[in-house]
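Colleague: The listed protein sequences derive, respectively, from chains A and B.
First residue of the first sequence? That's 1 in UniProt numbering, and the numbers climb one at a time after it.
First residue of the second sequence? That's 1 in UniProt numbering, and the numbers climb one at a time after it.
I have a structure I would like to understand better, so I am pasting it below and will then ask my questions one at a time.
2 protein chains.
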Amino acid sequence: MTFDPQTLVYDANGLIPCIAQAEGTGEVLMMAWMNAESVAKTLETRRVTYWSRSRQSFWVKGETSGHTQALVDLRVDCDRDCLLAVVRQEGPACHTNRRSCFYTSVVGEETELMAPMDN
Amino acid sequence: MTFDPQTLVYDANGLIPCIAQAEGTGEVLMMAWMNAESVAKTLETRRVTYWSRSRQSFWVKGETSGHTQALVDLRVDCDRDCLLAVVRQEGPACHTNRRSCFYTSVVGEETELMAPMDN
């Protein structure tokens, strides 16, 4: 039976968190939100499509920047309330031009772990 | 200046999502929630301590099961509203006894990617 996005557990706003992980390296790139329709679009188009909470609209990752995420696999966790997208990331995932959004360690003092990528 | 958990961005319930990733393999193990105090406890004790939304109490991962998460690094994302804990996971991270909670692929039909671990 084909997977039905309606079977996921969404929060009060109809959203589910989605973690993006780079294929191969396993690097965690970012976390953003999806609604049932963006889950369906992601599976249909194989381009990761979030729901932008600030703009209240679909957010096809990289549509403007070119830093797209091609879907390799989409996994759901045991509680069905969190997704993991394994992706082929084009360029940096972060809007700061860093490969990953998780570039700051907070153990002890805050420390930047990576620099912005060259254009 | 030492990192202050109060500088993170919490949701309306005072919570922030925290992704746990295995040191070395990079496997994404689980996602759970923290409040400012559990972030502080995690940093102090170096044992990953979530906030259980169902029990409304601290959840020292593995306290009952023995499947602890020793903190290797804690990172914050560019928006300061999501955490990534790099951990040394003892045994399975998932309550189903699987290494990771993300054991089900939803591309096409739902497919289980890993079996429970031996005890």
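C-beta atoms are modelled at their ideal positions from N, C-alpha and C, and glycine is treated no differently.
Any idea what DSSP makes of B:GLU27, helix, strand or coil?
Modeller: In the structure shown, B:GLU27 sits in coil (DSSP, three-state: anything other than H, G, I, E or B).
Colleague: Within the continuous beta strand (DSSP E) that includes B:ALA20, where are the two ends?
Modeller: Taken as a continuous stretch (DSSP letters only), the beta strand (DSSP E) holding B:ALA20 covers 16–22.
Colleague: Along chain A, which residues have their Cβ under 7 Å away from the Cβ of B:GLN89?
Modeller: Those within 7 Å of B:GLN89 in chain A number zero; the least Cβ separation is about 14 Å.
Colleague: What is the residue span of the beta strand (DSSP E) that A:THR49 lies within?
Modeller: Element bounds for A:THR49: 49–52.
Colleague: Exposed or buried, what is B:GLN6 when buried is set at 16 or more other beta-carbons lying within 10 Å of its beta-carbon?
Modeller: Counting Cβ neighbours within 10 Å, B:GLN6 comes out exposed, since fewer than 16 surround it.
Colleague: By DSSP's criteria, B:GLU109 is part of a beta bridge. Which residues make up the other side?
Modeller: B:GLU109 is bridged to A:THR2.
Colleague: With burial defined as no fewer than 16 other Cβ atoms inside 10 Å of the residue's Cβ, what is the status of B:THR34: buried or exposed?
Modeller: The identity of residue 34 of chain B in the sequence shown is Met, whereas the question assumes Thr. Result: buried.
Colleague: Could you tell me which whole beta strand (DSSP E) segments of length 3 or greater appear in the region 72–99 of chain B?
Modeller: Whole beta strand (DSSP E) segments, 3+ residues: 83–89.
Colleague: Quick one: residues in its chain with C-beta nearer than 6 Å to the C-beta of A:TYR10, no 5 flanking neighbours on either side, listed in chain order?
Modeller: The residues are ILE16.
Colleague: Can you find at least 3 beta carbon pairs, one from the region 60–71 of chain A and one from the region 85–97 of chain A, that sit closer than 8 Å?
Modeller: The region 60–71 of chain A is in contact with the region 85–97 of chain A.
Colleague: Within 10 Å of its beta-carbon, does A:ASP118 have 16 or more other beta-carbons around it, so buried, or fewer, so exposed?
Modeller: Counting Cβ neighbours within 10 Å, A:ASP118 comes out exposed, since fewer than 16 surround it.
Colleague: For the region 24–38 of chain A against the region 19–31 of chain B, are there 3 or more C-beta pairs whose distance is under 8 Å?
Modeller: Contact holds: three or more Cβ-Cβ distances are below 8 Å.
Colleague: Confirm, please, whether the CB-CB distance from B:GLU37 to B:PHE3 is below 9 Å.
Modeller: Their beta carbons are not under 9 Å apart, which means B:PHE3 does not touch B:GLU37 by this criterion.
Colleague: When you compare the CB of B:GLU109 with every CB in chain A, is at least one pair closer than 9 Å?
Modeller: Interface residue, yes.
Colleague: From B:GLU109 to A:MET1, what distance separates their C-alpha atoms?
Modeller: For B:GLU109 and A:MET1, the distance between alpha carbons rounds to 6 Å.
Colleague: At 8 Å on the CB atoms, spell out the chain B contacts of A:GLU27, in chain order.
Modeller: Those within 8 Å of A:GLU27 in chain B are GLY26.
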